Amino acid sequence: GGDQGKFDDSMRELRKLGVQVWPSPDVMEKMGAKDALTKVATMNIGLPDTLSYYTAEAFDAGFKKTMAFQPRVIKQNRGSAGEGIWIIKLKSGSYCSAYGEKSVEDTDVLKLMEANDNHEEEHTVAEFIEFCVNGRTGKSGDWTSKGEGKYLEGGKEAGGQLVDQRFCP
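Quick look at the structure:
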């Protein structure tokens, strides 16, 4: 864990000393939110199964469809230090051949790795969705992540969103 504000301030200080930092915190702010990835999804440089979620309902429906198709990267919008960025695979390794062909079930098991420290966890689809939406609750199971989840908290206006993209190793 860490503090994004302190990190950004440290990067700005390095830039003042002439050390190149890319991207700088100011450039990252100008580039906008991570949902920019979904704005190019239909272009030849994008992936059509890249989605943004701003509500629990959209996340529940969309993630179950994308997860059934390919391994995923789910990214929260806040911060850039890897907390809340998950590389996710189905434990069964059994994916459908076409996007939208099927959806995973709440009871399907996911293998998750968080980008901030590369720790791994296993949770059901329902537990992962609960953690992302409501954080640590009785329905989310036990998490070793340092993060608290609740990635949609505050809604779009407060930066509450998730981006769902195909994992491209």
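First residue of the sequence shown: 9, per the working numbering; consecutive thereafter. Glycine residues also receive a C-beta, built at the ideal position from the N, C-alpha and C atoms. The structure presented is a predicted model; accordingly, all values stated were derived computationally and were not measured.
For residue i, tell me which candidate among the options has the shortest Cα-Cα distance.
| i | options | result |
| --- | --- | --- |
| Thr115 | Met121, Lys154, Ile137 and Ser60 | Ile137 |
| Asp125 | Val133, Gln28, Glu91 and Glu21 | Glu91 |
| Ala106 | Phe15, Pro56, Ser18 and Ala49 | Pro56 |
| Gly162 | His127, Gln84, Ile93 and Val133 | Gln84 |
| Glu127 | Ser153, Ser100, Ala134 and Gly108 | Checking the sequence shown, residue 127 turns out to be His, not Glu. Out of Ser153, Ser100, Ala134 and Gly108, Ser153 has the C-alpha closest to the C-alpha of His127. |
| Gly101 | Ala123, Val112 and Ile93 | Val112 |
| Ala123 | Asn52, Lys99, Ala166 and Ile93 | Ile93 |
| Leu98 | Lys72, Leu22 and Arg20 | Lys72 |
So what does residue i bridge to, in DSSP terms?
| i | result |
| --- | --- |
| Val81 | Ile95 and Gln173 |
| Met121 | Ile95 and Glu128 |
| Ser60 | Val171 |
Keeping to the same chain, check which residues put their C-beta closer than 7 Å to that of residue i; ignore five residues upstream and five downstream.
| i | result |
| --- | --- |
| Leu1 | Nothing in the structure corresponds to residue 1, since the chain is present only between 9 and 177. |
| Trp151 | Glu129, Phe139 and Arg144 |
| Tyr103 | Ala76, Phe77 and Gln78 |
| Ala3 | Nothing can be reported for residue 3, as the shown portion of the chain is limited to 9 through 177. |
| Leu22 | Val29 |
| Val27 | none |
Tell me which same chain residues have a C-beta within less than 8 Å of the C-beta of residue i, skipping the five on either side of it?
| i | result |
| --- | --- |
| Leu160 | Tyr61, Tyr62, Thr63, Ala64, Phe67, Cys140, Val141, Gly168, Gln169 and Leu170 |
| Glu156 | Gly143 and Arg144 |
| Ala134 | Asp114, Thr115 and Lys147 |
| Glu109 | Ala76 and Phe77 |
Would you kindly report the start and end of the unbroken alpha helix (DSSP H) that includes residue i?
| i | result |
| --- | --- |
| Arg144 | Here Arg144 belongs to no alpha helix (DSSP H), and DSSP marks it neither H nor E. |
| Ser18 | Gln12 to Lys24 |
What does a CB cutoff of less than 6 Å around residue i pick up in its chain, not counting 5 residues either side in sequence?
| i | result |
| --- | --- |
| Lys164 | Tyr62 |
| Ile95 | Val81, Met121 and Phe175 |
| His131 | Leu118 and Gly149 |
| Lys158 | Gly143 |
Could you check whether the Cβ of residue i sits closer than 8 Å to any Cβ belonging to chain C?
| i | result |
| --- | --- |
| Phe15 | Looking at the structure shown, chain C is missing, and only one protein chain is on hand. |
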